[in-house]
Structure formats: structure tokens, C-alpha cells
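To get the numbering used here, take the position in the sequence shown, counting from 1, and add 1.
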Amino acid sequence: MQEIKIEKAKILKEKPDFSKLGFGKYFTDHMFMMEFNSEEGWHNARIVPFDYIPIHPASTVLHYGAEIFEGLKAYKTEDGFAMFRPMENIKRMNSSAERLCLPALPEEFTLKALTELITLEKDWIPNLPGTSLYIRPFMFGNDESLGVHTVKNSTFVIILSPVGSYYAEGLNPVKICIESEDVRAVRGGTGYAKCGGNYAASLRAGQRASEKGYSQVLWLDGVERKYIEEVGAMNVMFKINGEIVTPMLTGSVLPGITRKSALEILKDWGYKVSEKLISVDDLISACENGTLEEAWGTGTAAVISPIGHLFYKGKDYTVCNNQIGELTQKLYDELTGIQWGTAEDKRGWTYKVKA
Ligand code: PLP
Ligand code: COI
């Protein structure tokens, strides 16, 4: 395993007020970087002062969008910090890399890079309820040439940002707009990969939703525009008639790590859980006939986010009286309890580091 060189920042930044963090606005003093080419593989692993990245104007990422990223969090513990299922993120990044023909990351080395960077930045891990250190690893194709071809040179970077809640609403219910015009992804495309292009394609619908007063878009499948897929930055789950349903992973939905964890917790609690195709018509009928009891999103940034309103084809439907549902709250408490170390981690999901 190669060594990670460390160049420390000469001047450290003033830390923000941890009670007013929001999401992704502040960055720590250092970042991790390394490069890939076919002769040397991954090389020049280093932790350096957080700074701009010089980039050639013909770089692949600027023209053809060869970029993938991940999102995970570190939580302050009594004697250091814990990351939630970091290997899942590293493996998903490699699945995204495979889809975009970017080079695979060495898994154990990437975990070491995360651990070393966060250890150096441990004073940036906020400790107030609902806060954490958001970790954003990303990789981009960096060939200095305009031909459209498989990338030969890539750059991998990890940046860190102390965060509070993703939505301005905090843990209060969010308003979600079901999009019936634009689509985010299709089977065979890049929907299951976490690549920047998926998010670029979602911005127009997101803007339209925001103009109507909704926080995010709920996507329908790209072929029939009939089946529920996922929300802009989270997977989605519904409690209908006492049972939990969530869209199955068809290839156009991101396989969320929070989704996977929540499903396991719900099954352990004895709920009937189905991963299946859910038609938007069935969902709207469940809103109308009162069988939709609760709806929530799952995601690293979004954690467990109650959904209080759904908008579809000109009509707004209130979910769970726009309150946090009982099960939604219980799931939030259990998941964040495991993450923050206040609930028992029976499944060994947290990766604890003494720092
Ligand atoms: N779906 C999309 C489009 C996302 O951006 C995210 C966030 O990462 C998720 C789902 C949830 O995935 P995870 O729980 O792994 O954060
Ligand atoms: C995450 O939850 O980590 C995400 O990537 C969501 C979003 C900020 C794009």
C-alpha cells in the first residue's frame, strides 16, 4: 500500500458556528488527492491544504462529464469518530467507476485515505445533535484532449464539510413534486451509478418544483413514466396499510446505503417489506383512500426525511397530516442512534476510529 504524504496548511480557517451549518457550505483545511494513469496506476497519494484544483481547459470532465462521487458521513464519538458503512460507499464508487470506464479504487487504501484525512480534521467534526462531517469523495476523467474516448488519466479527491440538516425544513416533513415530464434515468443508462450527469439532468425539473414551493422531485421511470423511482437526493419508502413498500432496484435507481440499512431494520422489527414496482396511480389512490399512512425518503444527506406533501398533475396530496409519522420517527431515531453511537450497533455498521 502506498504512503500518504501530508502537507499541512500553514494557516487554519476559523470554524463556522456549528449550530448554523446547513449543508455543504463550509470545507475543512485539507483534502486528499491522488492521480491515475495506465503506466503508474494510482499514485501520488497526498493530503494537502484545501485549495482550487488547476485543470486543463480540454479536460475530459469539462466536456464529457466523466465524473462520479460518493457521500458518507463521520460522527463524533467520545474517543474519536465513526463512519457509517464506509466500505459500502467505496464499493458503490467502484460500481459507478465501472459504468463510466473510470479506474477502480483500491478499496482498503481508500478506507485508509478516508481515515487519515478525517483524523487530521477531527476538530471539524461537529458535535451538536443532527450534525456530522459530510465526506465527499469524487473522481473525474482528466485527459487533456477533445476526442471522445475511454479516459486514461483520472484524479480522485476527498473533501470534507461539516453539515447540519440537508433540507431547510430540518426533520420536518418535506414537500415533494412528482415529475411527469422530464426523466432522470433509464434502464441501461447511468441511473444506478452516482455520476454528476444524473444530477445535471435533474436540475430543470428541480427548478420547476422549487418554483411551485416543493423541495425536490420524485422521479418516474423513464420508459412508461408510470412507476415511482426515487427522489432527487434520496430513495423513497411508503407505509401503505401497515406494510412497507419501496421501488425495486431496476437499474435506473441509485442503490442507497441508507435504503438498504432501513430495509434491514424494518424487517428486523417484523414489518412486511416489499421491493417492487409501485405505479404512481396506485400511490395516488392510496393517498385518496387514506391507506397511505406514512412516506419518507432515505439518504446520507437527507437521513430519514418525512414526506408531508405529494404533488401530482396539478393536485397536492397531504401525507400523514403533514406530520412526522410514528414509524418515520422511530426509524430516524434508530438509524441516527446507531450512527451517533447512542444505540446498539448489532450489525457492525459503524467503523470506529480512535482519534
Ligand atoms: N438517490 C439519490 C439520487 C441520491 O443522490 C442519494 C444520495 O446519496 C440517495 C438516493 C441515497 O443514497 P445513500 O443512502 O447511499 O446516501
Ligand atoms: C448524499 O446523500 O450523499 C448525496 O449525495 C445527496 C446529494 C447531496 C446529491
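We treat Cβ as the ideally placed atom computed from N, Cα and C, and that holds for glycine.
In this structure, ligand 1 has a non-hydrogen atom nearer than 7 Å to the beta-carbon of E231. Only residues of its own chain outside the window of five on either side were considered, and among them F37, S155 have a CB closer than 6 Å to the CB of P104, listed in chain order. G72 has its CB nearer than 7 Å to a heavy atom of ligand 2.
For F82, the enclosing beta strand (DSSP E) starts and ends at 81 to 85.
Straight through space, the alpha carbons of E71 and I229 are spaced by roughly 23 Å. Note: K355 is bridge-paired with G81 in the DSSP secondary-structure output. I56 counts as exposed, since fewer than 16 other beta carbons sit within 10 angstroms of its beta carbon.
A contact between stretches requires three or more CB pairs, one per stretch, nearer than 8 Å, and the region 91 to 99 fails this requirement with the region 326 to 339. Following the DSSP letters along the chain, one finds D334 inside the alpha helix (DSSP H) bounded by residues 327 to 341. Close CB contacts of K213 within its chain, under the 8 Å cut and outside five residues either way in sequence, are with C178, F312 (chain order).
Distances from the CB of N236 to the heavy atoms of ligand 1 include at least one below 7 Å. The Cβ atoms of L115 and F157 lie no closer than 8 Å to each other. Annotation for E212: the continuous alpha helix (DSSP H) segment containing it runs 204 to 212. For E41, no alpha helix (DSSP H) encloses it, and the DSSP letter there is neither H nor E.
By the Cβ criterion, the region 4 to 21 is in contact with the region 124 to 138, since at least three pairs of Cβ atoms, one from each stretch, lie closer than 8 Å. Distances from the alpha-carbon of T301 to those of L101, Y76, K113, H150 put Y76 closest.
Counting along the chain, no alpha helix (DSSP H) covers D317; the unbroken beta strand (DSSP E) around it starts and ends at 316 to 319.
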